[in-house]
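Asks: If you're matching positions, the sequence shown starts at 0 in numbering that gives the first Met the number 0 and goes up one per residue.
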Amino acid sequence: MNTILVVGSVALDTVKTFSGASHDALGGSATFFSLAARHFAPVQLVGVVGSDFPREHRVLLSERGIDLSGLKIAKGKTFRWSGRYGKDASVAKTLATHLNVFKDFSPKLDEAHRKAPVVFLANIDPALQAEVLAQMKAPALVAADTMNFWIKSKPQAIKELLAKVDIFFCNEDEAEELAERPNPLQAAEVIASWGPSVVVVKKGEHGALMKIGSRFYIFPPFPLADIKDPTGAGDTFAGGFLGYLASTGVYDDVDHLKRAMAYGSVLASFNVEDFSTKNIEDLDREGIDERFHDFVDRMSVPRSDELLKSRKAALA
Ligand code: AMP
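Here it is in structure tokens:
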């Protein structure tokens, strides 16, 4: 089995959405990612929490098989983020970001962590992402994510990191801001020119794009009428995507990458149905696969023999 090492935030989130609110609830990019990816591959989490981090959250993660030997407990307060969502569920307005223990965090990976074949540099300071990557032995696949907070404060560090990344995930507005381009297609072109062979641009409720080589692939979202809390959608998407890919051990096959997009969409769809990690804590693989098949069935458009014939005739 191809183990995935993830470095990212483990957080206490305070969130207001169109359907309610939650205060100091379990969150963080590495948390959401791990809870999604664990269904497909072993996950090692590298990060830091403060002495105020509730024990029950650690228990929850470790009971679900996530290796927490790289999750340090430091003196001080846990990373906190607070945000608000308006009608457009794909855009979070950040109200406050308190790095707290992440300010002085300098991860030291042990031998078992350094050997992981798949690395996910989840949303966190790009300097920390680079520090972790530099300690890895020879990962077969490196993927990364970021967000506007870091694009605004450390754009150069992100660009340098991308030279060493195979798959990059970002939101539409973040891609446009990072690449300084007016639309996601142009932005993905620019980002791909910096290094990643696969660029995934997430468009929230409007689905996602994947650029491989010169080709763009388009994906709808799983249709949900009732979204409660979009927080963590991006990280659970990456968790489903990379988890599935790690389970195949093949990282450059277009069909595998398309299935990975579908698994990403499915995991994200479960996550947004409730606040914090509530709806993804007790998922099982059977339920995930059921929604995966439902999703790919709904997406497929049957080819029309007649249209194909007339197209061939026109070309002849
Ligand atoms: P997303 O999947 O994009 O919705 O990510 C949501 C998670 O990102 C939340 O649980 C936050 O704790 C975390 N987060 C927000 N801002 C930052 C930041 N600047 N660095 C790291 N993690 C963050």
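All C-beta atoms, glycine included, are put in the ideal place defined by N, C-alpha and C.
Do the CB positions of P229 and Y84 come within less than 9 angstroms of each other?
Replies: For the purposes of this step, residue 229 is identified with residue 230 of the sequence shown, where counting begins at 1. For the purposes of this step, residue 84 is identified with residue 85 of the sequence shown, where counting begins at 1. Yes. Within cutoff.
Asks: Is it right to say V249 is buried, meaning 16 or more other beta carbons lie within 10 angstroms of its own, or is it exposed?
Replies: Residue numbering aside, residue 249 sits at position 250 when the sequence shown is read from its first letter. Classification of V249: exposed, given that the 10 Å Cβ count is below 16.
Asks: Can you tell me which residues form a DSSP beta bridge with N170?
Replies: One-based indexing of the sequence shown puts residue 170 at position 171. Partner(s): K201.
Asks: Looking only at its own chain, which residues have a Cβ that is under 6 angstroms from the Cβ of H56, when we skip the five neighbours before and after it?
Replies: Sequence index remark: in the sequence shown, residue 56 carries index 57 (1-based). So the qualifying residues of the chain are L25.
Asks: Kindly indicate which three-state DSSP category A95 falls into: helix, strand or coil?
Replies: Your numbering for residue 95 matches position 96 in the sequence shown. A95 falls in the strand class under three-state DSSP.
Asks: Below 8 angstroms, how does it come out for the stretch 259 to 274 and the stretch 64 to 84: are there three or more Cβ pairs, yes or no?
Replies: Touching, no.
Asks: With hydrogens ignored, establish whether the beta-carbon of I279 is closer than 8 angstroms to any heavy atom of the ligand AMP.
Replies: Working through the sequence shown from its first residue, we reach residue 279 at position 280. False, no ligand heavy atom lies under 8 angstroms from that Cβ.
Asks: Drop a sphere of 10 angstroms on the beta-carbon of M0, count the other beta-carbons inside from all chains shown, and report buried for 16 or more, exposed for fewer.
Replies: Taking the sequence shown and counting its residues from 1, one reaches residue 0 at position 1. Flag for M0 reads exposed.
Asks: Would you tell me roughly how many angstroms separate the C-alpha atoms of L306 and V300, rounded to the nearest one?
Replies: To locate residue 306, count along the sequence shown from 1; it is residue 307. To locate residue 300, count along the sequence shown from 1; it is residue 301. Taking the straight line joining both Cα atoms gives about 13 angstroms.
Asks: Should D283 be counted as a contact of the ligand AMP given a C-beta to heavy atom distance under 8 angstroms?
Replies: Stepping through the sequence shown from its first residue, residue 283 is reached at position 284. Answer for D283: no, Cβ out of range of the ligand AMP.
Asks: From the DSSP output, in three-state form, read off T235 for me.
Replies: Translated into positions along the sequence shown, residue 235 becomes position 236. Helix.
Asks: Can you check DSSP and say which residues form a bridge with Y250?
Replies: Counting from one through the sequence shown, the residue named residue 250 turns up at place 251. For Y250, which the question treats as bridged, DSSP gives no partner whatsoever.
Asks: Since T77 contacts F52 with CB under 8 angstroms, what's their CB separation in whole angstroms?
Replies: Mapped onto the sequence shown, residue 77 falls at position 78. Mapped onto the sequence shown, residue 52 falls at position 53. Right, the Cβ-Cβ distance comes to about 5 angstroms (below 8 angstroms), so this counts as a contact.
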